[in-house]
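These notes concern the structure reproduced below.
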Amino acid sequence: MPNHQINPNQWIDLYSDYLYNYTITRVSDREIAQDLVQDTFFAGLKSMKNFKGEASERTWLISILKRKIIDHYRKINSNKGKAEVRISYNDDSETEGDWLEERVADPFDKTAEDTMQNSELGDAIHNCLGKLPEKQAYVFKMKTIQGFETEVICNELNITASNLWVIIHRARTAMADCLKENWF
Amino acid sequence: MSKIKIFIPCDDANHVCDKTQYKEASLWEMIKLNIHLIYCRACRKYTNNNTKLTKAIKESNVECLDKKSKESMKLDFEKALKELTD
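Chain order of the listed sequences is P and V.
If you're matching positions, the first sequence starts at 1 in the UniProt record's numbering and goes up one per residue.
If you're matching positions, the second sequence starts at 1 in the UniProt record's numbering and goes up one per residue.
Here you go:
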């Protein structure tokens, strides 16, 4: 049942943040992440006719992005000629890691589990953001994630401060409702 | 100030609570909010959820593309779209 339509004009508005966040937890470099997202959009554009409409646009784009991320890692591996994994527990430089204390796991360090949970939480947040009305999501992102001053946002969107707070309030209520089930 | 208001309605309390999340509320506003929270259960719940939301977002380190890079992305994209349709 091909009930999903494809509409590339809105891709960047709708999905770029989501894809970007997805990428950045996996490549941890802003510029590379941005390039990969850009590549994904181009690739999506090229293979638009292969879109069968079985999945939503976003799922489809994510599956392209996943390929792109894998390709990226393949490329940097072959670039440096280190396709094999090397682990050295004690590198020979004399400066660091000679003391036993320095090699013991740091309990305050982020464990793999923590980072995994964080990236999942990020996905969940973007999911919920996607459900908000466009304007609310936009204001909420600018205010909460990018941390702009109230005045700056007001000037850019031509709204009053109290108007902005109303939008923020609605967005926060919706976000809290959305995240409540799994994350609070 | 002729008359000092200590009790504020729920609307105002929620507004102050939202501001607190961005550290924009004044001390007096926060005092009034906390007095309100003593007796208002609904607002207590809202404040609770709101704080959790702020914390969750901080913890998750979500990032967004800034406007400029989005704009340049859009330009490139539109170019590609045009090429394709031509």
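Even glycine gets a Cβ: it sits at the ideal position worked out from N, Cα and C.
These numbers were taken from a predicted model, which means no experiment stands behind them.
Straight-line gap, residue 120 (chain P) to residue 72 (chain P) (C-alpha atoms, nearest Å) | To locate residue 120 (chain P), count along the first sequence from 1; it is residue 120. To locate residue 72 (chain P), count along the first sequence from 1; it is residue 72. Each residue's Cα considered, the two are about 22 angstroms apart.
Taking C-alpha atoms, which residue in P:118, P:61, P:54 lies nearest to residue 26 (chain P)?
-> By 1-based counting over the first sequence, the position of residue 26 (chain P) is 26. Checking every option, the nearest Cα to that of residue 26 (chain P) belongs to P:118.
Using a Cβ cut-off of 7 angstroms, which residues of the stretch 49 to 60 of chain V contact any Cβ in chain P, in chain order?
-> With the criterion set as a beta carbon lying under 7 angstroms from some beta carbon of chain P, the members of the stretch 49 to 60 of chain V are 49, 50, 52, 53, 56, 57, 59, 60, in sequence order.
Taking only beta-carbon atoms, is residue 13 (chain V) less than 8 angstroms away from chain P?
-> Against the second sequence, residue 13 (chain V) aligns to sequence position 13. Judged by the 8 angstroms Cβ criterion, residue 13 (chain V) is not in contact with chain P.
CA-CA distance, residue 1 (chain P) and residue 21 (chain V)?
-> Looking up residue 1 (chain P) in the first sequence gives position 1. Looking up residue 21 (chain V) in the second sequence gives position 21. Confidence in residue 1 (chain P) is poor, its pLDDT being 40 and thus under 50, which makes the residue's placement unreliable; the coordinate value appears in the next sentence. When rounded, the distance between both Cα atoms is 45 angstroms.
Start-to-end residues for the alpha helix (DSSP H) that takes in residue 33 (chain V) = The count along the second sequence starts at 1 and reaches residue 33 (chain V) at position 33. Note, residue 33 (chain V): alpha helix (DSSP H), 27 to 39.
Name, going along the chain, the residues of the stretch 15 to 30 of chain P whose beta-carbon falls closer than 7 angstroms to a beta-carbon of chain V.
-> 16, 17, 20, 21, 24
Looking only at its own chain, which residues have a Cβ that is under 6 angstroms from the Cβ of residue 8 (chain V), when we skip the five neighbours before and after it?
-> Along the second sequence, read from residue 1 onward, the residue named residue 8 (chain V) stands at position 8. Cβ within range, chain order: 32, 36.
Can you list the residues of chain P that residue 75 (chain V) reaches, using a CB-CB cut of under 7 angstroms?
-> Residue mapping note: residue 75 (chain V) aligns to position 75 of the second sequence, counting from 1. Simply none; closest approach about 10 angstroms.
Step through the CB atoms of chain V and report whether any lies within less than 8 angstroms of the CB of residue 126 (chain P).
-> Indexing the first sequence from 1 puts residue 126 (chain P) at position 126. For residue 126 (chain P), the answer is yes, since a Cβ of chain V falls inside 8 angstroms of its Cβ.
Contacts of residue 8 (chain P) in chain V (Cβ-Cβ under 7 angstroms) | For this step, residue 8 (chain P) is matched to residue 8 along the first sequence. Going along chain V in sequence order, the residues near residue 8 (chain P) (Cβ under 7 angstroms) are 81.
Whether residue 50 (chain V) touches residue 174 (chain P) by CB criterion (8 angstroms) | Translated into the one-based positions of the second sequence, residue 50 (chain V) becomes position 50. Translated into the one-based positions of the first sequence, residue 174 (chain P) becomes position 174. No, the Cβ-Cβ distance between residue 50 (chain V) and residue 174 (chain P) is not below 8 angstroms.
Residue closest to residue 24 (chain V), alpha-carbon to alpha-carbon, out of P:154, P:133, P:150, P:170 | Position 24 of the second sequence, counted from the first residue, corresponds to residue 24 (chain V). Taking only the C-alpha atoms, the option nearest residue 24 (chain V) is P:150.
The ligand PLP heavy atoms versus the CB of residue 27 (chain P): any closer than 7 angstroms?
-> Absence of the ligand PLP is noted for the structure shown, with no ligands found whatsoever.
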